[in-house]
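Trainee:
2 protein chains.
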Amino acid sequence: MTTALKNDRFLRALLREPVDCTPIWIMRQAGRYLPEYRATREKAGSFMNLCTNPELACEVTLQPLERFALDAAILFSDILTIPDAMGLGLYFSEGEGPRFKKTVSSEADIRALPVPDPEKELKYVMDAVRLIRRELNGRVPLIGFSGSPWTLATYMVEGGSSKEFAKVKGLMFDSPELMHRLLGTIAKSVTSYLNAQIAAGAQAVMIFDTWGGSLTPRDYRAFSLNYMREIVAGLKREADGRKVPVILFTKGGGAWIEDIADSHCDAVGLDWTVDIGEARNRVGAKVALQGNMDPAVLYAKPERIYEEVRTILNSYGKGPGHVFNLGHGIHQHIDPDNVAVLVDAVHELSEPLHS
Amino acid sequence: MTTALKNDRFLRALLREPVDCTPIWIMRQAGRYLPEYRATREKAGSFMNLCTNPELACEVTLQPLERFALDAAILFSDILTIPDAMGLGLYFSEGEGPRFKKTVSSEADIRALPVPDPEKELKYVMDAVRLIRRELNGRVPLIGFSGSPWTLATYMVEGGSSKEFAKVKGLMFDSPELMHRLLGTIAKSVTSYLNAQIAAGAQAVMIFDTWGGSLTPRDYRAFSLNYMREIVAGLKREADGRKVPVILFTKGGGAWIEDIADSHCDAVGLDWTVDIGEARNRVGAKVALQGNMDPAVLYAKPERIYEEVRTILNSYGKGPGHVFNLGHGIHQHIDPDNVAVLVDAVHELSEPLHS
Numbered sequence: 144m145t146t147a148l149k150n151d152r153f154l155r156a157l158l159r160e161p162v163d164c165t166p167i168w169i170m171r172q173a174g175r176y177l178p179e180y181r182a183t184r185e186k187a188g189s190f191m192n193l194c195t196n197p198e199l200a201c202e203v204t205l206q207p208l209e210r211f212a213l214d215a216a217i218l219f220s221d222i223l224t225i226p227d228a229m230g231l232g233l234y235f236s237e238g239e240g241p242r243f244k245k246t247v248s249s250e251a252d253i254r255a256l257p258v259p260d261p262e263k264e265l266k267y268v269m270d271a272v273r274l275i276r277r278e279l280n281g282r283v284p285l286i287g288f289s290g291s292p293w294t295l296a297t298y299m300v301e302g303g304s305s306k307e308f309a310k311v312k313g314l315m316f317d318s319p320e321l322m323h324r325l326l327g328t329i330a331k332s333v334t335s336y337l338n339a340q341i342a343a344g345a346q347a348v349m350i351f352d353t354w355g356g357s358l359t360p361r362d363y364r365a366f367s368l369n370y371m372r373e374i375v376a377g378l379k380r381e382a383d384g385r386k387v388p389v390i391l392f393t394k395g396g397g398a399w400i401e402d403i404a405d406s407h408c409d410a411v412g413l414d415w416t417v418d419i420g421e422a423r424n425r426v427g428a429k430v431a432l433q434g435n436m437d438p439a440v441l442y443a444k445p446e447r448i449y450e451e452v453r454t455i456l457n458s459y460g461k462g463p464g465h466v467f468n469l470g471h472g473i474h475q476h477i478d479p480d481n482v483a484v485l486v487d488a489v490h491e492l493s494e495p496l497h498s
Numbered sequence: 144m145t146t147a148l149k150n151d152r153f154l155r156a157l158l159r160e161p162v163d164c165t166p167i168w169i170m171r172q173a174g175r176y177l178p179e180y181r182a183t184r185e186k187a188g189s190f191m192n193l194c195t196n197p198e199l200a201c202e203v204t205l206q207p208l209e210r211f212a213l214d215a216a217i218l219f220s221d222i223l224t225i226p227d228a229m230g231l232g233l234y235f236s237e238g239e240g241p242r243f244k245k246t247v248s249s250e251a252d253i254r255a256l257p258v259p260d261p262e263k264e265l266k267y268v269m270d271a272v273r274l275i276r277r278e279l280n281g282r283v284p285l286i287g288f289s290g291s292p293w294t295l296a297t298y299m300v301e302g303g304s305s306k307e308f309a310k311v312k313g314l315m316f317d318s319p320e321l322m323h324r325l326l327g328t329i330a331k332s333v334t335s336y337l338n339a340q341i342a343a344g345a346q347a348v349m350i351f352d353t354w355g356g357s358l359t360p361r362d363y364r365a366f367s368l369n370y371m372r373e374i375v376a377g378l379k380r381e382a383d384g385r386k387v388p389v390i391l392f393t394k395g396g397g398a399w400i401e402d403i404a405d406s407h408c409d410a411v412g413l414d415w416t417v418d419i420g421e422a423r424n425r426v427g428a429k430v431a432l433q434g435n436m437d438p439a440v441l442y443a444k445p446e447r448i449y450e451e452v453r454t455i456l457n458s459y460g461k462g463p464g465h466v467f468n469l470g471h472g473i474h475q476h477i478d479p480d481n482v483a484v485l486v487d488a489v490h491e492l493s494e495p496l497h498s
């Protein structure tokens, strides 16, 4: 028997059910802008150690909840755990971001990729989910997550971050059938990974499609959204007698939210380049919307943060279905005091919209 | 008396006049993917020397025309010549891109910024325009260009390239009136810079708004598009008895093309994240469209390049008003032979659309 949720605003908003005020969480809320995070990261020795140690991952997951009245916790992990579990050897080099020791390029490489067993190669993630759920003790829901197949493929083929996507797009344009095989294997892996997170205790899941916005509309549908849809269809979306909502977030995907909303997901994440009120008009009552403040607003004064929160809340308008968030992860040089301002502003200013 | 244009397809297409086939030029067509460019760059010693030496700038401007049947030449220069002429001290550091010795942050800094005299501080650019026009001898039209005020401001405030725009957005959010003052000064400078390019011989001009897509829709209108509109209104759009068309290009601005088309520009540049046929439906007969192949298609085989060209041409459909281009600058590791394939494919496959 699991503990009853004390604050379920986030889950209710994702399912477009009435709430007392608009819930908020923040992408990368357990991150470098928090001195206590930097202390734990220091103690861990490396970013990978922090990800693979369930106690430390739990510790940093809970840190922002101690400071701010956030309405959800998100598993501390990395989007690249799956390719690492496939044997590519993830590491982080100073200033260069994530890198892989092995990359994927030939048909043989792609055929050889296994679908990892989440309770074996990714057991450290499941252990973290279980531990965080226990430690949360029903305070707020826990979000599990994964990178999207296209986004994971970009790192696996390029060997790290990329600006031009020369190799992965070369593969996509010249050998679409091979690219589809690769994405199919990743989609299977993501499905089983997210189902395992749900079984371990994740109460909502989110797919981060960080690089879907680098594609043409046609290629986005065929090579990114298509596989996210496949994952959504394969998820066991219930736990503890409650629906487990699925959020899809394509950075730079504002033009395609009608298509994303048609994927049977429960909510669509928005970056700040779309007006959330217009987005609501476009997708109607189909999905909830999550977003979408420009993360750079947190460099501004409290009054300006209040003003921007009010603008976004009013743009979305009355009624349920809005989860407040930034349009991308919080920047590392943000003053945590400004995050407190943001969280309080969202709760305070949204109350009249739900009366 | 100036020489008559032998090939005016590009100018006609920008004004939505009939053409025999769709014209093409390529952003950054005089660039590092060409061995002859790399040789001239080597000879110049530094990128800045190449920009500031009219003979060498002319030499690299003409290089791609020797290889490919391109329908326009574009002045070889940098978007950051204006802030350099304002006294900020532009330099290029290996691997880091453009940097400024001085940055702009306080009210005093902003008030002190001069509007450069194009025939004094930027005479090297005007000399290059005059020389290129002479050397072109009417072969194809010459495009002049500038960065947009918002894009220039990001570099001037950040001191170089940025991912998070912490300083410039901090200024915009906290001191919008100061930001408007800065943008006003830059807009005046760009207007006089482009008018001088037109007087020196530029037959079309383009404004590159590389970073407008980092803004919310509201901030884009107020802090980027607003100033491009001001520039368009201030341009002398005629030379040699012929209209000088203006192209506006906001990278990542696909959602806002209706607003851009309302700025009284002649053409809107598109990156590859929008379908050009849908874009045409949205802006109707108001403007021409320039774009929009994913630059990464040039990594693929000739057959695939042909296929993509056909898709884009057919998406735009019959009739005038399309200038083919990539959706962003050509990448440095592209094989020049693939560029030849692209240029020929555009001319060959577009003929039936203009009959």
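In order, the protein sequence lines correspond to chains X and L.
For the first sequence, this note's numbering assigns the number 144 to the initial residue and increments by one for each residue that follows.
For the second sequence, this note's numbering assigns the number 144 to the initial residue and increments by one for each residue that follows.
For every residue, glycine included, the Cβ atom is placed at its ideal position computed from N, Cα and C.
Just so you know, these numbers come straight off a predicted model, no measurement behind them.
Between which residues of its own chain and V430/X is the CB-CB distance below 7 Å, once the five residues before and five after are set aside?
Mentor: Here the question's residue 430/X lines up with position 287 in the first sequence. Cβ within range, chain order: A404, C408, D409, A410, V411.
Trainee: Between the stretch 485-492 of chain L and the stretch 161-175 of chain L, do three or more beta carbon pairs fall short of 8 Å?
Mentor: Yes: the two stretches touch, three or more of their Cβ pairs being nearer than 8 Å.
Trainee: Let me confirm a value: T146/X is counted as buried when at least 16 other C-beta atoms fall within 10 Å, else exposed. Which label applies?
Mentor: Sequence index remark: in the first sequence, residue 146/X carries index 3 (1-based). Burial call: exposed.
Trainee: Which same chain residues, not among the five before or five after M144/X, have their C-beta less than 8 Å away from its C-beta?
Mentor: To locate residue 144/X, count along the first sequence from 1; it is residue 1. Residue confidence for M144/X is low, a pLDDT of 42 falling below 50, so the modelled location carries little weight; the figure read from the coordinates is stated next. Same-chain partners within the cutoff: there are none.
Trainee: So is V489/L in contact with chain X if we call contact Cβ pairs under 8 Å?
Mentor: Position 346 of the second sequence, counted from the start, is the residue given in the question as residue 489/L. Not closer than 8 Å to any Cβ of chain X, the Cβ of V489/L fails to qualify, so no.
Trainee: Apart from the five residues just before and just after D324/X, which ones in its own chain have a Cβ nearer than 7 Å to its Cβ?
Mentor: If you number the first sequence from 1, residue 324/X lands on position 181. It is worth fixing the name first, because residue 324/X is Arg in this sequence and not Asp. I253, listed in sequence order.
Trainee: Can you find a CB in chain L that lies within less than 8 Å of the CB of K110/X?
Mentor: Look at the range of chain X in this structure, 144 to 498, and you will see that residue 110/X is not part of it.
Trainee: Going by the beta-carbon positions, is the gap between V283/L and T297/L smaller than 8 Å?
Mentor: Translated into the one-based positions of the second sequence, residue 283/L becomes position 140. Translated into the one-based positions of the second sequence, residue 297/L becomes position 154. In this structure, T297/L does not lie closer than 8 Å to V283/L by Cβ.
Trainee: Name the DSSP beta bridge partners of Q433/L, please?
Mentor: By 1-based counting over the second sequence, the position of residue 433/L is 290. Answer is G412/L, V466/L.
Trainee: Would you say A173/X and M269/X are within 8 Å of each other, going by their C-beta atoms?
Mentor: For the purposes of this step, residue 173/X is identified with residue 30 of the first sequence, where counting begins at 1. For the purposes of this step, residue 269/X is identified with residue 126 of the first sequence, where counting begins at 1. No; because the gap between Cβ atoms is not below 8 Å, this pair is not in contact.
Trainee: By a C-beta neighbour count over all protein chains shown, 10 Å radius and 16 as the cutoff for buried, is A255/L buried or exposed?
Mentor: The residue labelled residue 255/L in the question sits at position 112 within the second sequence. Its Cβ having fewer than 16 others within 10 Å, A255/L is exposed.
Trainee: Identify the contact partners of F392/L in chain X, using a Cβ-Cβ distance below 9 Å as the criterion.
Mentor: The residue labelled residue 392/L in the question sits at position 249 within the second sequence. Per Cβ cutoff of 9 Å: no residues; F392/L is ~16 Å from chain X at best.
Trainee: For a contact defined as C-beta to C-beta under 9 Å, what are the partners of A439/X on chain L?
Mentor: For the purposes of this step, residue 439/X is taken as residue 296 along the first sequence, with counting starting at 1. The contacting residues are E307, F308, A309, V311, K312, G313, M315, F316, S357.
Trainee: For a contact meaning CB atoms closer than 8 Å, what does H323/X contact in chain L?
Mentor: The residue given as residue 323/X occupies position 180 in the first sequence. Simply none; closest approach about 15 Å.
Trainee: Candidates I448/L, G472/L, N468/L, L157/L: which alpha carbon is nearest V484/L's?
Mentor: As a working note, residue 484/L is residue 341 in the second sequence. Selected option, being the one with the closest Cα: I448/L.
Trainee: Measure from the C-beta of T416/X to each C-beta in chain L and report whether the shortest distance is under 8 Å.
Mentor: Working through the first sequence from its first residue, we reach residue 416/X at position 273. Answer yes: the Cβ-Cβ gap between T416/X and chain L drops below 8 Å somewhere.
Trainee: S236/L to R184/L, Cα distance in whole Å?
Mentor: The count along the second sequence starts at 1 and reaches residue 236/L at position 93. The count along the second sequence starts at 1 and reaches residue 184/L at position 41. When rounded, the distance between both Cα atoms is 15 Å.
Trainee: When the Cβ atoms of the stretch 285-297 of chain X are set against those of the stretch 316-331 of chain X, are three or more pairs found closer than 8 Å?
Mentor: Contact between the stretch 285-297 of chain X and the stretch 316-331 of chain X is present, because at least three Cβ pairs lie under 8 Å.
Trainee: Residues in the stretch 424-453 of chain L with C-beta within 7 Å of chain X's C-beta atoms, listed in sequence order?
Mentor: Correct list: D437, A439, V440, Y442, A443, K444, R447.
Trainee: Nearest chain X C-beta to G420/L closer than 8 Å, yes or no?
Mentor: By 1-based counting over the second sequence, the position of residue 420/L is 277. Answer no: the Cβ-Cβ gap between G420/L and chain X never drops below 8 Å.
Trainee: Please report whether the beta-carbon of G238/L lies at a distance below 8 Å from any beta-carbon of chain X.
Mentor: Within the second sequence, residue 238/L is the residue found at index 95, counting from 1. Output row for G238/L: interface = no.
Trainee: So, is the C-beta of H476/X closer than 8 Å to a C-beta in chain L?
Mentor: Start at 1 with the first residue of the first sequence, and residue 476/X comes out as number 333. Closer than 8 Å: yes.
Trainee: Kindly indicate if chain X contains any beta-carbon less than 8 Å away from that of A147/L.
Mentor: Along the second sequence, read from residue 1 onward, the residue named residue 147/L stands at position 4. No, A147/L does not count as interfacial toward chain X.
Trainee: With a CB to CB cut of under 7 Å and the five nearest residues on each side skipped, what residues in its chain are close to T195/X?
Mentor: Locating residue 195/X in the first sequence gives position 52, counting from the first residue. Around T195/X: Y267.
Trainee: Buried or exposed: which applies to R425/X, given that a residue is buried once 16 or more other Cβ atoms fall within 10 Å of its Cβ?
Mentor: Here residue 425/X corresponds to residue number 282 of the first sequence, with the count starting at 1. Per the 10 Å Cβ criterion, exposed.
Trainee: Check whether chain L comes within 8 Å of P241/X, counting only Cβ atoms and requiring the distance to be less than that.
Mentor: Start at 1 with the first residue of the first sequence, and residue 241/X comes out as number 98. Not an interface residue.
Trainee: Given that A398/X touches chain L, what residues does it touch there, using C-beta distances under 8 Å?
Mentor: Here residue 398/X refers to the residue found at position 255 when the first sequence is read from its first residue. Chain L residues near A398/X: G397, A398, T416, V417.
Trainee: For the alpha helix (DSSP H) that F107/X lies in, which residues bound it at each end?
Mentor: This structure cannot speak to residue 107/X, because chain X is shown only from 144 to 498.
Trainee: With G313/X and Y442/L assumed to form a contact (beta carbons below 8 Å), what rounded beta-carbon distance in angstroms separates them?
Mentor: Reading the first sequence from its first residue, position 170 is the one you call residue 313/X. Reading the second sequence from its first residue, position 299 is the one you call residue 442/L. Rounded, the Cβ-Cβ distance is 4 Å, consistent with contact.
Trainee: Roughly how far, in whole angstroms, is the beta-carbon of I169/L from the beta-carbon of L218/L, given that I think they are within contact range, below 8 Å?
Mentor: Numbered from its first residue, the second sequence carries residue 169/L at position 26. Numbered from its first residue, the second sequence carries residue 218/L at position 75. The pair is not a contact, with the Cβ atoms about 14 Å apart (cut-off 8 Å).
Trainee: For L432/L versus I374/L, is the C-beta spacing smaller than 8 Å?
Mentor: One-based indexing of the second sequence puts residue 432/L at position 289. One-based indexing of the second sequence puts residue 374/L at position 231. No, Cβ-Cβ distance for L432/L and I374/L is not below 8 Å.
Trainee: Does F190/X come out as helix, strand or coil in the three-state DSSP assignment?
Mentor: Numbered from its first residue, the first sequence carries residue 190/X at position 47. Correct three-state label for F190/X: helix.
Trainee: Out of E278/L, G472/L, E262/L, which one is the CA nearest neighbour of R175/L?
Mentor: Locating residue 175/L in the second sequence gives position 32, counting from the first residue. For R175/L, the nearest C-alpha among the options comes from G472/L.
Trainee: From the DSSP output, in three-state form, read off L337/L for me.
Mentor: On the second sequence, residue 337/L is found 194 positions in, with the first residue counted as 1. The answer is helix: DSSP assigns L337/L an H, G or I state.
Trainee: Would P360/X pass as an interface residue toward chain L - the criterion being a Cβ-Cβ separation below 8 Å?
Mentor: Here residue 360/X refers to the residue found at position 217 of the first sequence. Closer than 8 Å to some Cβ of chain L, the Cβ of P360/X qualifies, so yes.
Trainee: Roughly how many whole angstroms lie between the Cα atoms of A422/L and D402/L?
Mentor: The residue given as residue 422/L occupies position 279 in the second sequence. The residue given as residue 402/L occupies position 259 in the second sequence. Rounded to the nearest angstrom, the two C-alpha atoms are 12 Å apart.
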